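The structure appears right after this line, and notes come after that.
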Amino acid sequence: MKLSSFRKKSPWILHYNAGGCNGCDIEILACLAPKYDIERFGMINTGNPKQSDILLVTGPVTKRSRERLVEIYAQMPEPKVVVSCGVCACTGGVFRGMYNCEGGIDQYIPVDVYVCGCGTRPEQIIDGVIQALAILEKKTKELEQSVRLKKEPVKEDTQLNRRNIAGEIIKTA
Amino acid sequence: MKRIETSIDKVKTDIRDFYNPVLHHFMVINAVDLGEKIEVQWFFCDYAHPCEITAFCTQIQPDIEIPSIRDIVSSAWVAEAELVDLMNIKIENTPKGFVLEPDFESGPLRKKK
Amino acid sequence: MGKQYEIPLGAQHISLLEPLHFKFTTENEKIVDTTANIFYVHRGIEQACCSKFKFRQVSFVVGRVCGLCSISHSTAYSQVAEKLVKIEIPRRAKYLRMLVIELDRIHSHLLCLSHVAENSGFEALFMKTMQYREFSMELLEAVCGNRIQYDFSIVGGVARDLKPAVGQMILERLKKFKPQLDELVDIYENNWTLSLKNKGAGAITKEDAMRLNVVGPFARAAGLAIDVRNETEDLLPWKEVGFEMVLDTAGDVHARNMVRLHELYVSMRIIENIIARLPESALITETKAFPDGEAVVRIEAPRGELFYYAKGNKTQVLERLKIKAPTFSNVSAMVEAFKGNEYGSVPAIIASYDPCLSCTSR
Numbered sequence: 793m794k795l796s797s798f799r800k801k802s803p804w805i806l807h808y809n810a811g812g813c814n815g816c817d818i819e820i821l822a823c824l825a826p827k828y829d830i831e832r833f834g835m836i837n838t839g840n841p842k843q844s845d846i847l848l849v850t851g852p853v854t855k856r857s858r859e860r861l862v863e864i865y866a867q868m869p870e871p872k873v874v875v876s877c878g879v880c881a882c883t884g885g886v887f888r889g890m891y892n893c894e895g896g897i898d899q900y901i902p903v904d905v906y907v908c909g910c911g912t913r914p915e916q917i918i919d920g921v922i923q924a925l926a927i928l929e930k931k932t933k934e935l936e937q938s939v940r941l942k943k944e945p946v947k948e949d950t951q952l953n954r955r956n957i958a959g960e961i962i963k964t965a
Numbered sequence: 154m155k156r157i158e159t160s161i162d163k164v165k166t167d168i169r170d171f172y173n174p175v176l177h178h179f180m181v182i183n184a185v186d187l188g189e190k191i192e193v194q195w196f197f198c199d200y201a202h203p204c205e206i207t208a209f210c211t212q213i214q215p216d217i218e219i220p221s222i223r224d225i226v227s228s229a230w231v232a233e234a235e236l237v238d239l240m241n242i243k244i245e246n247t248p249k250g251f252v253l254e255p256d257f258e259s260g261p262l263r264k265k266k
Numbered sequence: 002m003g004k005q006y007e008i009p010l011g012a013q014h015i016s017l018l019e020p021l022h023f024k025f026t027t028e029n030e031k032i033v034d035t036t037a038n039i040f041y042v043h044r045g046i047e048q049a050c051c052s053k054f055k056f057r058q059v060s061f062v063v064g065r066v067c068g069l070c071s072i073s074h075s076t077a078y079s080q081v082a083e084k085l086v087k088i089e090i091p092r093r094a095k096y097l098r099m100l101v102i103e104l105d106r107i108h109s110h111l112l113c114l115s116h117v118a119e120n121s122g123f124e125a126l127f128m129k130t131m132q133y134r135e136f137s138m139e140l141l142e143a144v145c146g147n148r149i150q151y152d153f154s155i156v157g158g159v160a161r162d163l164k165p166a167v168g169q170m171i172l173e174r175l176k177k178f179k180p181q182l183d184e185l186v187d188i189y190e191n192n193w194t195l196s197l198k199n200k201g202a203g204a205i206t207k208e209d210a211m212r213l214n215v216v217g218p219f220a221r222a223a224g225l226a227i228d229v230r231n232e233t234e235d236l237l238p239w240k241e242v243g244f245e246m247v248l249d250t251a252g253d254v255h256a257r258n259m260v261r262l263h264e265l266y267v268s269m270r271i272i273e274n275i276i277a278r279l280p281e282s283a284l285i286t287e288t289k290a291f292p293d294g295e296a297v298v299r300i301e302a303p304r305g306e307l308f309y310y311a312k313g314n315k316t317q318v319l320e321r322l323k324i325k326a327p328t329f330s331n332v333s334a335m336v337e338a339f340k341g342n343e344y345g346s347v348p349a350i351i352a353s354y355d356p357c358l359s360c361t362s363r
């Protein structure tokens, strides 16, 4: 079996609190617990960004945690999906405009699924993660596609201008 | 709440005379911006006599260095480090950068002129 | 003296719920020194409460200081604001506040216990404790309308009434929970594998607890009798509803577990007494006054003493609001208690402190 089928059946979750109030974090913990049991979808909470597929972020980004957030995102292997849990991770919520807050994680990293609510309910988190699974599958397919260049192959012996080529990369179906 | 008004020179000796680790519980240091001056308050409570809160209060100019009480109350360094960053006042032996980033414009709790 | 190594832990780590950074200096496996960087979650709530929000709105904002003890924060703020506008709240509102605080304590203590079990490597016990914890979340949802972030206490009283059917439901669920709690006490007390990780780890003496001004279950596990519920009868009548202090002497992770578990019995008894003796009165005292003067309020949050200082200036917006969270007092003792322990027991010790960094940094 290929690696991609395992990824679809068993995505690993990384959880990072970028400055929230703990409310959504304990709901993520409650998702792992027997009543909501997110592990029936094959998900495990892992502490290692290099092994995870889905990043669950809570909280508005504070000035001290933003570097860590970007670093964790950069360390995750492709394909990866980001789920922002809670209204303060989506927009900043009640903390928007406070002097040490940035207001929403999408200013720093691309977000795929927004889960709203203060605090998010476990059902919402599970729904968001299931949507993230579909996006993960789509991203995997996109990654596996071959890339074709639009430009005609060079016939004469001329110098290539790389800047011109880089703007014209397209993906074929 | 029992307020004890004191001055910046006497506050350390006052606290040294008052504080006994077996009897008293140190809570927090607070500062209030009064405009011209800053009021600094040291809060203590009593294990034996409930609900009795003692506050040593003193009013200072913003640029005066406040004596540190961490040789009397060994857990006071957290509160002191927080005050230095948030109120932009000077406390001896306390560097900036514990609460806020070092490059942040400090003193967010001070009033804007 | 052997060679020393520096081991960082955090800001993101599997054993941490929130960003927190420790740097351990170790000799072989023994920890000799620790530095902590705890203000990752500083948002600036105090400043916003004194500028952006009116004093009636602040009770909803301070609830967002911490999701675990949000009711303690909003109750403490409501009390301090009531002192500033000089009103007395109805008796029923006091009882309902105590009810929600105790339900919150049950869910917070069980979360901490399950976290200790997980970090000690006992995954099955984590699952069991989390499973038993769900009833308290359901009860909180029935009483307040939300699983977390209750917005229950407002300035002048409480926002919702307790319906008799909900009170009956609480009593039934508590009756069901009692044997489950007995089972948990048995496991946490007598399980041999858990005791290997927990007994003697992260110990602190009573003298150190006094010297470092520790609060909450951390202090009570070391034998230091500090509990605000034992003192403040004027604001919330804890003694009337059967509060008793729980103390232990060992001061290690195991003793903290035991203190938390036995406090759950006290909380359950308090809740039963509250529902049995719930007085009939209005829910809220209306006032048009503006806050003036300064006031101080202490309240026992699940992690220890929560301290609020507020100063008003006869306008809608407060002059100053100071929040001192329980973990703030415990930071210096947290750093101290690591010394002499093995690096392998660090996750269990951190979980047993029950640190709440979003309270601490605000």
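Chains as they are written, first to last, in my numbering: chain H, 793 to 965; chain Y, 154 to 266; chain Z, 2 to 363. Built from N, CA and C at the ideal position, the CB exists for glycine as well. Here the structure is a predicted model, which is why all the values come from computation and not from measurement.
Those residues of the stretch 170–197 of chain Z placed with their C-beta closer than 7 Å to a C-beta in chain H do not exist.
For residue 194(Y), the closest Cβ of chain Z is nearer than 9 Å. When the beta-carbon positions are compared, residue 32(Z) and residue 340(Z) come within less than 9 Å of each other.
A residue is called buried when at least 16 other Cβ atoms come within 10 angstroms of its Cβ; residue 850(H) meets this threshold and is buried.
If you check each beta-carbon in the stretch 207–233 of chain Y against every beta-carbon of chain H, none falls closer than 8 Å. It is roughly 41 Å from the alpha-carbon of residue 160(Y) to the alpha-carbon of residue 253(Z). Counting along the chain, residue 178(Z) sits inside no beta strand (DSSP E); it lies in the alpha helix (DSSP H) bounded by residues 165–191. In the assembly as shown, residue 68(Z) is a buried residue. Its beta-carbon has 16 or more other beta-carbons within 10 Å.
Chain-ordered, the chain Y residues with CB closer than 7 Å to the CB of residue 310(Z) read 183. Listed along the chain, the chain Z residues whose CB falls inside 8 Å of the CB of residue 252(Y) are 40, 43 and 362. Residue 357(Z) belongs to the set of residues whose beta carbon lies under 9 Å from a beta carbon in chain H. In the same chain as residue 867(H), and ignoring 5 residues on each side of it, the C-beta atoms closer than 8 Å to its own belong to 841 and 842, in chain order. The three-state secondary structure of residue 835(H), taken from DSSP, is coil.
For the stretch 132–143 of chain Z, the beta-carbon criterion of a distance under 8 Å to any beta-carbon of chain H is satisfied by 132, 134, 135 and 138. Counting C-beta atoms within 10 angstroms of its own C-beta, residue 4(Z) has fewer than 16 neighbours from the protein chains shown and is therefore classed as exposed. One thing to note: residue 224(Z) has its Cβ within 9 Å of the Cβ of residue 249(Z). Between the alpha carbons of residue 142(Z) and residue 225(Y) lies a distance of about 46 Å. For residue 343(Z), no beta strand (DSSP E) encloses it, and the DSSP letter there is neither H nor E. In the three-state reduction of the DSSP assignment, residue 94(Z) falls in the helix class, which pools H, G and I. Assignment of residue 828(H) by DSSP, reduced to helix, strand and coil, places it in the coil class. Pairing residue 198(Y) with residue 299(Z) gives a Cβ-Cβ distance under 9 Å. Of the other Cβ atoms in all chains shown, 16 or more fall within 10 Å of the Cβ of residue 848(H); this residue is therefore buried. By the criterion of at least three beta-carbon pairs nearer than 8 Å, the stretch 309–327 of chain Z is not in contact with the stretch 157–170 of chain Z. Contacts with chain H at 9 Å (Cβ-Cβ) include residue 261(Y). Counting along the chain, the unbroken beta strand (DSSP E) around residue 296(Z) starts and ends at 293–302. In this structure, the CA atom of residue 359(Z) is about 32 Å from the CA atom of residue 28(Z). Sequence-distant Cβ neighbours of residue 42(Z) in its own chain, meaning closer than 7 Å and more than five residues away, are 19, 20, 358, 359 and 362. Selection 263(Z), 78(Z) and 203(Z) evaluated against residue 190(Z) yields 263(Z) as nearest (Cα-Cα). As the crow flies, the alpha-carbon of residue 878(H) is around 33 Å from that of residue 260(Z). Chain Y has no Cβ within less than 9 Å of the Cβ of residue 80(Z). For residue 50(Z) and residue 61(Z), the gap between their C-alpha atoms comes out near 10 Å. At a cut-off of 9 Å between beta-carbon atoms, residue 842(H) makes no contact with chain Z.
For the stretch 47–80 of chain Z, the full-length alpha helix (DSSP H) segments reaching 4 residues or more read 59–64 along the chain. Collapsing the DSSP output to three states places residue 123(Z) in coil.
Ranked by Cα distance from residue 926(H), the first of 898(H), 904(H) and 831(H) is 904(H). For residue 219(Z), the enclosing alpha helix (DSSP H) has its first and last residue at 217–222.
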